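Novice:
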Amino acid sequence: MAALIAGMILPLAVLVVVAALLPRLIERRLGRRPWALAVNAAASAVLLVALAGGYFLLLYTLQDPRVLTFARAEPGAAFRHFAGLGGMAGLVWAPVLVVSLISPARRR
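Numbering (our numbering), first residue to last: 4 to 111.
Structure representation (structure tokens):
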């Protein structure tokens with residue numbers, strides 16, 4: 004049970020919390036104008052894909068350190084693979100991100 008919590012639930016919880024807080028942090032800098040909302044959405048999504056992809060890279064490396072050798076030898080392929088995994092994790096963080104982006108706009 005501890006392995007399930009540490010390996011799956013905790014990282015998902017971190018992604019959800021970051022997806023909820025990141026747009027608020029970016030909004031403080033950019034404001035609430037329509038173009039700022041679009042920039043906020045894009046920046047938040049890119050950062051969340053990178054965070055999730057980095058987490059997958061860490062998990063893969065912990066299982067087999069040769070993954071880093073592959074990533075250094077073929078950085079483009081490694082980037083595509085881990086960015087794709089980070090994007091697939093969007094099934095978890097994207098709904099939270101959308102709600103977090105929309106809720107400030109509704110408070111106007």
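Here a beta-carbon is modelled for each residue, glycine too, at the ideal position from N, C-alpha and C. Owing to the predicted nature of the structure, the values given are computational and were not obtained by experimental measurement.
#1: Do Val52 and Gly79 come within 8 Å of each other at the CB atom, strictly closer than that value?
#2: Under the rule that 16 or more other beta-carbon atoms within 10 Å means buried, what is Ala16, buried or exposed?
#3: On the DSSP letters alone, give me the boundaries of the alpha helix (DSSP H) that Gly10 sits inside.
#4: Could you tell me the distance, in whole angstroms, from the CA atom of Leu33 to the CA atom of Val102?
#5: Going by DSSP in three states, Glu3 sits in which element: helix, strand or coil?
#6: Compare the Cα-Cα distances from Ala97 to each of Met11, Leu71, Leu50, Leu65 and report the closest residue.
#7: Roughly how many whole angstroms lie between the Cα atoms of Leu61 and Val99?
#8: From what residue to what residue does the alpha helix (DSSP H) around Arg36 run?
#9: Grouping DSSP H, G and I as helix and E and B as strand, with all else coil, what is Pro68?
Specialist: Working from what's here:
#1: no
#2: exposed
#3: Careful: Gly10 lies outside any alpha helix (DSSP H) and carries neither H nor E.
#4: One alpha carbon belongs to Leu33, the other to Val102, and they sit about 18 Å apart.
#5: The requested residue 3 is not part of the displayed model; the chain covers only 4 to 111.
#6: Out of Met11, Leu71, Leu50, Leu65, Leu50 has the C-alpha closest to the C-alpha of Ala97.
#7: 24 Å
#8: No alpha helix (DSSP H) contains Arg36, which DSSP labels as neither H nor E.
#9: coil
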